[in-house]
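**Q**
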Amino acid sequence: MSRTKTTPDATQRRGFLRGLGLAAGAAAAATPAAAERSDTVPLGTARKENEAERKAPRYRETPHVQAFYRTNRF
């Protein structure tokens, strides 16, 4: 089997495609690090709960919750 000689054009194309692949890999790796979650509270804007809020009941059985339990009994 003989190897064909590569032309300067082919070498340039390979280098260009290799560079594109490396750039795409770097961009893909940087994207999750730069993304911010949409459900987070911005730093410094969160407030502390007071004692009454800490002891307040959080679960309320509203009419739509009662309807859910009534229609979805397991």
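The opening residue of the sequence shown carries number 1 in full-length UniProt numbering; numbering runs sequentially from there. Don't be surprised by glycine CBs; every beta carbon is placed ideally from N, CA and C. Predicted model only: the values in this text are computed from it and were never measured.
Per DSSP, what kind of secondary structure is residue 85 in: helix, strand or coil?
**A** In the structure as shown, the chain starts at 1 and stops at 74, and residue 85 therefore has no counterpart that could be examined.
**Q** For a test of the three-state rule: what should DSSP assign to threonine 71, helix, strand or coil?
**A** Stepping through the sequence shown from its first residue, residue 71 is reached at position 71. Threonine 71 falls in the helix class under three-state DSSP.
**Q** Could you have a look at arginine 13 and say whether DSSP puts it in helix, strand or coil?
**A** Working through the sequence shown from its first residue, we reach residue 13 at position 13. Three-state DSSP puts arginine 13 in a helix.
**Q** Which value, in whole angstroms, describes the spacing of the CA atoms of proline 63 and tyrosine 69?
**A** Working through the sequence shown from its first residue, we reach residue 63 at position 63. Working through the sequence shown from its first residue, we reach residue 69 at position 69. For proline 63 and tyrosine 69, the distance between alpha carbons rounds to 10 Å.
**Q** Measure the C-alpha to C-alpha separation of arginine 54 and alanine 46 and round it to an integer number of angstroms.
**A** On the sequence shown, residue 54 is found 54 positions in, with the first residue counted as 1. On the sequence shown, residue 46 is found 46 positions in, with the first residue counted as 1. Near 15 Å, if we compare the C-alpha coordinates of alanine 46 and arginine 54.
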